[in-house]
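**Student:**
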Amino acid sequence: MPLVEIRNLTKQFSKGGETITPLNEVDLTIEPRDFLSLMGPSGSGKSTLLNLLTGIDRPTSGQILVHGTDITRLSRARLADWRAANIGYIFQTHNLIPVLTAYENIELPLLLLPMTAAERRKRIAIALEAVDLTDRADHYPRQLSGGQEQRVGIARAIVANPTIVVADEPTGDLDARTAGHILQLVERLNAELGMTLFVVTHDPQAASVAARRLQLDEGRLVESEAAAPVAALDAGRRRA
Amino acid sequence: MFRFTPYVVKSLWGHRARTALTVSGTAVALLVFCVVAAVQEGLDRLARPSEADRTLVVFQENQFCPTNSRLPEDYARLIAEVPGVRSVVPVQVFTNNCRASLDMVVFHGVPPGQLLAARNLELLSGSFSAFEDRTDAALVGQAVARRRGLEVGESFTVGEVTVSVAGVFASPVAAEENFIYTHLDFLQRAPGRNAVGTVTQLEVELAEHADPDATAAAIDARLRHGPVATATRTKGVFQREAIGDLAELIGFAQWLGYACLGLVFSLVATTTVMAVQDRIKEHAVLQTLGLRPMRVFRLVLAESLVQSMAAGLLGIGLGMLVLGWWGFSIGTEGVAIALEPSLRLAVLGAVVSAAVGLLAGLAPAYQAARTEIVAALRQA
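So the protein sequences, as listed, match chains A and B. In this text, residue positions in the first sequence follow our numbering: the first is 79, and each later residue adds one. In this text, residue positions in the second sequence follow our numbering: the first is 100, and each later residue adds one.
Right, dumping it as structure tokens:
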């Protein structure tokens with residue numbers, strides 16, 4: 079049974095009297111431990127698909143089945159519960175809570191799950207170790223570099239051991255060197271921890287670390303048949 | 100349930116200046132509310148049926164200010180013969196101010212031998228024998244002693260009356276602690292008083308089953324043909340009538356209390372709205388992580404409540420300290436309304452703080468809970 083099944087997913091909205099369809103009858107299947115990247119030009123609907131997959135936005139029509147549950151039918155409150163248990167979200171701009179330390183930011187998703195304080199401490203220690211920030215646990219976001227903030231964001235996304243981890247332009251705000259480190263980390267989440275990853279990016283280098291590469295083209299999803307090198311993707315986009 | 104308490108506290112602490120300004124402004128408003136409520140409570144205590152309604156006060160007819168009431172001391176003997184009367188205490192009253200005053204000093208001259216029977220006084224310092232032994236001795240209520248910094252052995256003068264402090268007392272009747280007791284004849288002979296043989300009022304203790312109104316009427320009838328006509332009322336009615344004008348002013352001051360609550364609401368609501376508008380994206384992030392909208396609602400409400408309660412703790416606590424330490428009173432016509440701290444006042448303050456805090460947080464909490472996640476996440 080696939081982890082996620084997206085069927086005939088359409089999203090439309092009005093802008094200035096014009097109807098825009100960023101997603102038009104999109105179908106997608108995600109298996110456990112899959113690592114997908116989704117590319118496309120700005121405004122192509124990448125983030126919209128990610129928002130629908132995480133239940134923070136509603137489709138115009140279609141279904142999103144996760145473990146057989148159609149999340150498009152869940153209420154706002156039930157969706158929140160579902161996200162707490164199933165989704166790890168890595169934001170482009172980190173979006174850490176500024177008044178909380180790295181440790182407390184990572185702890186947030188765990189506060190929503192039935193778990194003892196000891197279990198929380200154990201999980202946070204593992205997550206901090208995974209992103210190599212054990213020595214920065216008591217630091218506030220303002221005391222961290224951009225790369226360190228993003229690593230805290232990744233730790234927060236994985237700490238609850240979610241069904242699927244999504245990342246929206248995870249390297250968009252970082253310099254090339256730091257972005258490289260973050261991509262290595264994301265790759266490890268899939269290769270070593272077996273996490274299912276869905277990364278939205280417009281950066282070919284970021285997309286190239288994924289095993290399955292998707293492209294949004296005029297509201298339609300196109301999947302590359304085989305892993306293509308970054309240069310090929312770049313060339314393909316230049317041709318387009 | 101309280102897992103997000105650190106988040107709430109740190110959110111407030113993270114904006115210390117804003118929180119401190121709100122809490123301090125709110126605390127001042129609640130302090131004023133507390134004082135206004137204490138005045139009202141003091142007034143209610145005087146108006147409440149109590150032991151005062153088993154004691155009659157015989158006063159000169161159509162007079163309220165102690166300066167103007169002069170009854171023959173001999174009336175005590177005549178009143179004692181009226182059925183239903185257990186005992187009569189002649190009292191000479193001298194006050195520095197018959198009008199409304201925040202520092203009214205009231206001397207009650209009473210025969211020393213009758214004082215302890217007529218009043219339930221607990222000596223905090225000094226001795227009653229020292230009071231009996233010196234004609235110019237005075238027992239001073241602790242509220243006056245605190246206000247004027249009086250201690251046993253000291254002498255002090257009000258108007259032309261100079262007394263020596265023989266003791267400081269506490270009383271279960273808060274208003275009593277604003278009085279000073281002296282020997283009756285001392286006050287009658289005080290310079291400028293020329294009141295030998297006369298008293299300001301006579302206090303009548305009723306027998307167990309005596310009807311207060313009937314006995315009062317009988318006393319006035321008995322004295323109708325005397326040199327001075329009397330008006331006899333229960334002590335409670337007498338006090339209520341004496342402070343009638345002041346009570347109206349206090350009733351008006353209640354509106355000031357309500358205005359303070361409005362100010363508290365406005366301050367806390369403004370701060371909470373600002374906090375929510377500053378953190379629209381943060382609330383969207385929390386919902387993305389899995390917080391239900393209702394939990395976000397509760398978090399914002401908790402922030403509002405914590406601010407309001409902190410201000411309540413500060414303002415009401417300060418109010419209690421001020422009222423307890425300085426022993427304020429408002430008086431008129433020789434009757435004092437004691438402003439004192441009480442558990443009821445503290446509970447009222449806490450309830451009001453909590454209620455206003457919750458009300459002030461409702462609208463911003465609703466706004467935070469209804470945040471459109473996707474739109475909010477797009478904010479820079």
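Ideal Cβ positions, reconstructed from N, Cα and C, are used throughout, including at glycine. Computed from a prediction, not measured in an experiment: that's the story for all the values here.
If you measure between the beta carbons of I279/B and G240/B, is that distance less than 8 angstroms?
**Tutor:** In the second sequence, counting from the first residue as 1, residue 279/B sits at position 180. In the second sequence, counting from the first residue as 1, residue 240/B sits at position 141. A contact, by the Cβ cut-off of 8 angstroms.
**Student:** On the premise that V107/B lies in contact with A401/B, defined as a C-beta separation below 8 angstroms, what is that separation, rounded to the nearest angstrom?
**Tutor:** Walking along the second sequence from the start, residue 401/B turns up at place 302. Walking along the second sequence from the start, residue 107/B turns up at place 8. So it is a contact: roughly 5 angstroms between Cβ atoms.
**Student:** Can you tell me which of the three DSSP states L155/B falls into?
**Tutor:** The sequence position of residue 155/B within the second sequence is 56, counting from 1. Three-state DSSP puts L155/B in a strand.
**Student:** If you follow the alpha helix (DSSP H) that N161/B is in, where does it begin and where does it stop?
**Tutor:** Here residue 161/B corresponds to residue number 62 of the second sequence, with the count starting at 1. First-last for N161/B: undefined, no H or E at that position.
**Student:** If you compare alpha carbons, which of A409/B, L442/B and T370/B is closest to A464/B?
**Tutor:** To locate residue 464/B, count along the second sequence from 1; it is residue 365. Comparing Cα positions, the closest option is T370/B.
**Student:** Suppose you measure from the CA of L137/A to the CA of F351/B; what does that come to, to the nearest Å?
**Tutor:** For the purposes of this step, residue 137/A is taken as the residue at position 59 of the first sequence. For the purposes of this step, residue 351/B is taken as the residue at position 252 of the second sequence. A small fix is needed here, since residue 137/A is Pro in this sequence, not Leu. Looking at the two C-alpha atoms, the distance is approximately 60 angstroms.
**Student:** Note down the Cα distance separating D152/B from D173/B, rounded to an integer number of angstroms.
**Tutor:** As a working mapping, residue 152/B is identified with position 53 in the second sequence. As a working mapping, residue 173/B is identified with position 74 in the second sequence. When rounded, the distance between both Cα atoms is 24 angstroms.
**Student:** I'd like the span of the alpha helix (DSSP H) that includes V450/B, first residue to last.
**Tutor:** Taking the first residue of the second sequence as position 1, residue 450/B is located at position 351. Here the alpha helix (DSSP H) through V450/B covers L442 to A468.
**Student:** Cutting at 7 angstroms between CB atoms, please list the residues of its own chain near P440/B, excluding the five before and the five after it.
**Tutor:** Within the second sequence, residue 440/B is the residue found at index 341, counting from 1. Here the set comprises M419, L422 and G423.
**Student:** Below 8 angstroms between beta carbons: does that hold for G133/A and R151/A?
**Tutor:** By one-based count along the first sequence, residue 133/A stands at place 55. By one-based count along the first sequence, residue 151/A stands at place 73. Contact flag unset, no.
**Student:** Tell me which same chain residues have a C-beta within less than 7 angstroms of the C-beta of E471/B, skipping the five on either side of it?
**Tutor:** In the second sequence, residue 471/B corresponds to position 372, counting from 1. Closer than 7 angstroms at the Cβ level, and outside the excluded window around E471/B, lies no residue.
**Student:** If you run the structure through DSSP and keep just helix, strand and coil, what is L311/A?
**Tutor:** Translated into positions along the first sequence, residue 311/A becomes position 233. In this predicted model, L311/A has a pLDDT of only 36, less than 50, meaning its place in the structure is not dependable; the value taken from the coordinates is given anyway. It is helical.
**Student:** In angstroms with no decimal places, state the Cα-to-Cα distance between V209/A and A410/B.
**Tutor:** The residue you call residue 209/A lines up with position 131 of the first sequence. The residue you call residue 410/B lines up with position 311 of the second sequence. Cα atoms of V209/A and A410/B: separation of roughly 42 angstroms, rounded to the nearest angstrom.
**Student:** Measure the beta-carbon distance from F169/A to D253/A and round it to whole angstroms, keeping in mind my assumption that it falls under 8 angstroms.
**Tutor:** Translated into positions along the first sequence, residue 169/A becomes position 91. Translated into positions along the first sequence, residue 253/A becomes position 175. Approximately 18 angstroms separates the beta-carbon atoms of F169/A and D253/A; this is outside 8 angstroms, ruling out the contact.
**Student:** Counting contacts by CB-CB distance shorter than 8 angstroms, is V209/A in contact with chain B?
**Tutor:** One-based indexing of the first sequence puts residue 209/A at position 131. No, its Cβ sits nowhere closer than 8 angstroms to a Cβ of chain B.
**Student:** Examine chain B for any beta-carbon lying closer than 8 angstroms to the beta-carbon of E182/A, and answer yes or no.
**Tutor:** For the purposes of this step, residue 182/A is taken as residue 104 along the first sequence, with counting starting at 1. Interface residue, yes.
**Student:** Pull up the distance between the alpha-carbon of F103/B and that of S270/B, whole angstroms please.
**Tutor:** Position 4 of the second sequence holds residue 103/B. Position 171 of the second sequence holds residue 270/B. Near 48 angstroms, if we compare the C-alpha coordinates of S270/B and F103/B.
**Student:** Does the distance from the CB of P165/B to the CB of V204/B come in under 8 angstroms?
**Tutor:** Counted from its first residue, the second sequence places residue 165/B at position 66. Counted from its first residue, the second sequence places residue 204/B at position 105. No.
**Student:** Identify whether T332/A lies in helix, strand or coil by the three-state DSSP scheme.
**Tutor:** Chain A is shown only over 79 to 318; residue 332/A falls outside these bounds and no answer can be derived.
**Student:** Taking DSSP's pairing of strands, which residues face E221/B in a bridge?
**Tutor:** As a working mapping, residue 221/B is identified with position 122 in the second sequence. A269/B.
**Student:** How is F427/B classed by DSSP in three states: helix, strand or coil?
**Tutor:** What you label residue 427/B is simply residue 328 of the second sequence in a count that begins at 1. Three-state DSSP puts F427/B in coil, outside helix and strand.
**Student:** Can you name, in chain order, every residue of its own chain whose Cβ lies under 7 angstroms from the Cβ of A217/B, other than the five neighbours on each side?
**Tutor:** Stepping through the second sequence from its first residue, residue 217/B is reached at position 118. Same-chain partners within the cutoff: V188, V209 and E302.
**Student:** So for Q170/A, helix, strand or coil by DSSP?
**Tutor:** On the first sequence, position 92 is the one that residue 170/A refers to. Here Q170/A sits in coil by DSSP.
**Student:** For a cutoff of 8 angstroms on Cβ pairs, would you count P187/A as touching chain B?
**Tutor:** Numbered from 1 along the first sequence, position 109 holds the residue referred to as residue 187/A. Judged by the 8 angstroms Cβ criterion, P187/A is in contact with chain B.
**Student:** Within this structure, are the beta carbons of I349/B and L142/B separated by less than 8 angstroms?
**Tutor:** In the second sequence, the residue the question calls residue 349/B occupies position 250. In the second sequence, the residue the question calls residue 142/B occupies position 43. Contact: yes.
**Student:** Which residues in the same chain as L413/B place their Cβ atom closer than 6 angstroms to its Cβ, once the five residues preceding and following it in sequence are excluded?
**Tutor:** For the purposes of this step, residue 413/B is taken as the residue at position 314 of the second sequence. Excluding positions up to five away in sequence, the list reads A126.
**Student:** Assign R185/B to one of three DSSP states: helix, strand, or coil.
**Tutor:** As a working mapping, residue 185/B is identified with position 86 in the second sequence. Reduced to three states, the DSSP call for R185/B is strand.
**Student:** With A128/B and L362/B assumed to form a contact (beta carbons below 8 angstroms), what rounded beta-carbon distance in angstroms separates them?
**Tutor:** As a working note, residue 128/B is residue 29 in the second sequence. As a working note, residue 362/B is residue 263 in the second sequence. With 8 angstroms as the limit, A128/B and L362/B qualify as a contact, their Cβ atoms being about 4 angstroms apart.
**Student:** Measure the CB-CB distance between D251/A and T194/A and report whether it falls below 8 angstroms.
**Tutor:** In the first sequence, residue 251/A corresponds to position 173, counting from 1. In the first sequence, residue 194/A corresponds to position 116, counting from 1. No; because the gap between Cβ atoms is not below 8 angstroms, this pair is not in contact.
**Student:** Suppose the cutoff is 7 angstroms on Cβ atoms and the five residues either side in sequence are ignored; what does the same chain contact list for L385/B look like?
**Tutor:** Counted from its first residue, the second sequence places residue 385/B at position 286. Counting only Cβ-Cβ distances below 7 angstroms, and skipping sequence neighbours, we find V395.
**Student:** By the criterion of Cβ-Cβ separation under 9 angstroms, what are the contact partners of Y106/B in chain A?
**Tutor:** Stepping through the second sequence from its first residue, residue 106/B is reached at position 7. Here the neighbours are I175, V177, L178, E182, L186 and L189.
**Student:** Within 8 angstroms (strictly less), CB to CB, does K334/B reach chain A?
**Tutor:** Working through the second sequence from its first residue, we reach residue 334/B at position 235. Residue contact with chain A for K334/B: absent (no Cβ-Cβ distance below 8 angstroms to any residue of chain A).
**Student:** Residues of chain A with CB under 8 angstroms from S110/B, in chain order?
**Tutor:** For the purposes of this step, residue 110/B is taken as residue 11 along the second sequence, with counting starting at 1. Within chain A, V177 have C-beta atoms less than 8 angstroms from the C-beta of S110/B, given in sequence order.
**Student:** Which value, in whole angstroms, describes the spacing of the CA atoms of R315/A and Q293/A?
**Tutor:** In the first sequence, residue 315/A corresponds to position 237, counting from 1. In the first sequence, residue 293/A corresponds to position 215, counting from 1. Low per-residue confidence applies at R315/A: pLDDT is 36, beneath 50, and the placement is therefore not dependable enough to give any value.
**Student:** Run through chain A and tell me which residues come within less than 7 angstroms of R102/B, C-beta to C-beta.
**Tutor:** To locate residue 102/B, count along the second sequence from 1; it is residue 3. The contacting residues are L189.
**Student:** Measuring only between beta-carbons, confirm whether R391/B sits less than 8 angstroms from chain A.
**Tutor:** The residue you call residue 391/B lines up with position 292 of the second sequence. So yes, R391/B belongs to the interface.
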